[in-house]
Amino acid sequence: MSVDELNNQEKIWQVVASIPAGCVASYGQVAAMAGLARAARLVGRTLKNLPKDTNLPWYRVVNGQGEISLPKASPVYYIQKQQLEAEGVAFNPNGKINLKKFGWQP
DNA sequence: ACCCTGACTTATT
DNA sequence: CAATAAGCCAGGG
């Protein structure tokens, strides 16, 4: 296992941890901030690898459409939604977020 | 080494 | 607005 690969994860963690409360960032956005412009998928995989007791605000990361990239039937989906709402992020009736308003660094 | 899959994105039809 | 295709990175069989 190379150090560089661990650095990628570390970068992603740092970027996700840098997302201000009340805002959301897309996977591509996070990847770009981490220096991995086209590794949006890697971000998703990295978050999936996170332990459930992580202190990382992974719930502030959504897909490019401002929608949670998880099945609505999954418990993690509700957790993410509740966490975001608790921070002031509003969801549309369709379950989408207005990135124009809550997107990170508009 | 090869092929498939995945918490993705963007452009096109 | 919805469905499709192609592109990209890393992991697992």
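As numbered in this note's numbering, residues 423 to 528 make up the first sequence, in order.
Glycine is no exception: its CB is placed at the ideal position from the N, C-alpha and C atoms.
With respect to the alpha helix (DSSP H) encompassing W435, which residues constitute its N-terminal and C-terminal limits?
If you number the first sequence from 1, residue 435 lands on position 13. For W435, the enclosing alpha helix (DSSP H) covers residues 425 to 439.
Figure out for me which residue from A495, A508, N520, R482 has the closest Cα to the Cα of S440.
Mapped onto the first sequence, residue 440 falls at position 18. If we check each option's Cα against that of S440, R482 comes out closest.
Given a cut-off of 8 Å, decide if L478 and W435 are closer than it, judged by their beta-carbon atoms.
Your numbering for residue 435 matches position 13 in the first sequence. Your numbering for residue 478 matches position 56 in the first sequence. In this structure, L478 lies closer than 8 Å to W435 by Cβ.
Have a look at V494 and L506 and give me their C-alpha separation to the nearest angstrom.
Position 72 of the first sequence holds residue 494. Position 84 of the first sequence holds residue 506. For the record, residue 494 in the displayed sequence is Lys; it is not Val. For K494 and L506, the gap between their C-alpha atoms comes out near 15 Å.
7 Å Cβ shell around Q431 - same chain, five flanking residues per side excluded
What you label residue 431 is simply residue 9 of the first sequence in a count that begins at 1. The answer, listed in chain order, is T468.
Out of S448, V437, D426, K433, point me to the one whose CA is closest to F524's CA.
Reading the first sequence from its first residue, position 102 is the one you call residue 524. The alpha carbon of F524 has as its nearest neighbour, out of S448, V437, D426, K433, the alpha carbon of S448.
F524, enclosing alpha helix (DSSP H) - first and last residue
Reading the first sequence from its first residue, position 102 is the one you call residue 524. Run containing F524: 521 to 524, per the alpha helix (DSSP H) assignment.
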